Each structure stands twice: as C-alpha cells, then as structure tokens.
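Student: First, the structure itself, so that you have it in front of you.
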C-alpha cells in the first residue's frame, strides 16, 4: 500500500467527534486504493484525488453521526449505494451496524463484494437489484432500522424508493447538498402518504470544506401503503404530490 498523509481525514473525523483506530484508517486507505484501481476500468466516481475522496466521500458518509446516534446496534440499508457511499465508510467507522448495500448495476456490486472481502468486513452484504423490486414484502420491506441514500433524486422520489424499507419507528435519512426549501415543501405530501414525517433537519458545512450539507431525518410513523413503491420509472416521472 502507498503512503498517505491522513491529516485531513483525521482532522475531518475529529470535527465530527470521531476518532478511528489504526485498523479502521488502514481499511479506508485500502478502500481508496481499490476504488481508484477499479475506477480505471469502470465508472465508479469522478472524484479520485486522495484528499477529495477523504472529504467528499469518507467524511461526508460518516457525517450521518451529526443526525443520528450511529453507536447503536442497528440494521441499515444504503439504497443506490454506487461505489459504496455512505454504507462502507459507515461500516468501517461503526462496526456495530449491520449493513445492506443495494445497487442496480451488477458491475458495481462485484466491486462492493471485492471491497468487503479485501477489508475483512463482517455483517455487511451487497445486493444487485432495483429499489422498487427489493421493497416487496417477501424480500426486504420494512426490515431496517435506518435507510440512507446519497442519491441525487428529489426528496419525494427518494422517499418513495426508501421509506418502504424502514420499520415503523425507524428512520429514512437523506443526504442533500443544496438548500432545498422548495423541494422539501413538495415532498411533504409524499412523505406523509408513505407513512413518515420530517423529524429533523441538520444543516452544516462539511468538515475541511465549504460544502453545504443537509441531512433530512424522516421518521416512519406507520406502515407504507402496499402500492408503494410504484413500478420502475414512475417515482421519478410522476412524484407523489
């Protein structure tokens, strides 16, 4: 493994109130090397410079701790995980979590499985599938304490994909990077229809950057109606309104 200056990583973690041990830091570095290596043959991320990955992927992923007590022993699903963000950094930083990574592209899932194996991570699995398919009752519907997503879809669409995975009493937490007052207003109806209510909004600047971050914490108050999520494409083309 190459030698890296981890100052910015450790500074950012400290600003979040986190301190990782040497093994955890090494796992992040190994993850970075696998990400860059695999990125040469498939499109995983446009961000490959080490310090940028540390801030925009690693620190950003674990910033969930600003909105939720990540030290609890919970089950968490990362919907549309892509190259494993935020799920894999969360697993490294908080080994107590039982994590499921869901992605629709088989090649990415192959990469995720390689990362899991190489890093020796336990209680984490990567699943190849679409969000609307695995939300069926006989699969993963209402199976998780927490659902997270860094996907760029609007909040109404994301809620339809993610809320069905959350147990009643659990939470869906959406990572957003814009001031989305208007988007939030249009999502209110969808969130209520899906059985949720906005519990908190955590706005902050990502450590070691000037990046705005907004974590929307949505509590699941009642079961999501069986007809949601609708078939592929509809949640984005015709958001609940």
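Residue numbers (this note's numbering): 824 to 1064.
Yeah, the Cβ is synthetic: ideal placement off N, Cα and C, and Gly gets one too.
Since the structure is predicted, the reported quantities are computational estimates derived from the model, not experimental observations.
For the candidate residues 969, 1034, 867, 1029, whose alpha-carbon lies nearest to that of residue 991?
Tutor: In the chain shown, the residue the question calls residue 991 occupies position 168. By alpha-carbon distance to residue 991, the top candidate from 969, 1034, 867, 1029 is 969.
Student: Are there 16 or more other CB atoms within 10 angstroms of the CB of residue 837, so buried, or fewer, so exposed?
Tutor: Within the chain shown, residue 837 is the residue found at index 14, counting from 1. Exposed.
Student: Between the beta-carbon of residue 902 and the beta-carbon of residue 997, is there less than 8 angstroms?
Tutor: By 1-based counting over the chain shown, the position of residue 902 is 79. By 1-based counting over the chain shown, the position of residue 997 is 174. No, the Cβ-Cβ distance between residue 902 and residue 997 is not below 8 angstroms.
Student: Below 8 angstroms on the Cβ atoms is my contact criterion, and I expect residue 905 with residue 926 to pass it. Report the Cβ-Cβ distance as a whole number of Å.
Tutor: Within the chain shown, residue 905 is the residue found at index 82, counting from 1. Within the chain shown, residue 926 is the residue found at index 103, counting from 1. So it is a contact: roughly 6 angstroms between Cβ atoms.
Student: Take the Cβ of residue 1050 as the centre, count every other Cβ of all protein chains shown within 10 Å, and call the residue buried at 16 or more, exposed below.
Tutor: As a working note, residue 1050 is residue 227 in the chain shown. Exposed, by the Cβ-count rule.
Student: Does the Cβ of residue 835 lie closer than 7 angstroms to at least one heavy atom of the ligand FMN?
Tutor: The model depicted lacks the ligand FMN and carries no ligand whatsoever.
Student: DSSP puts residue 1023 in a beta bridge; with which residues?
Tutor: Position 200 of the chain shown holds residue 1023. Bridge partners of residue 1023: 1040.
Student: Identify every run of the beta strand (DSSP E) within the stretch 954-1017, keeping only runs that are complete inside it and at least 3 residues long; order them along the chain.
Tutor: 967-972, 989-999
Student: List in chain order: all unbroken alpha helix (DSSP H) runs of 4+ residues lying wholly within the stretch 859-920.
Tutor: 873-876, 910-916
Student: Please look up how many angstroms separate the CB atoms of residue 1052 and residue 987, rounded, as I've assumed it's under 8 angstroms.
Tutor: Position 229 of the chain shown, counted from the first residue, corresponds to residue 1052. Position 164 of the chain shown, counted from the first residue, corresponds to residue 987. The pair is a contact, with the Cβ atoms about 6 angstroms apart (cut-off 8 angstroms).
Student: Helix, strand or coil for residue 827? Go by DSSP, reduced to three states.
Tutor: Along the chain shown, one-based indexing puts residue 827 at 4. Three-state result, residue 827: coil.
Student: State buried or exposed for residue 955, treating a residue as buried only when at least 16 other CB atoms are found within 10 Å of its CB.
Tutor: Along the chain shown, read from residue 1 onward, the residue named residue 955 stands at position 132. Buried, by the Cβ-count rule.
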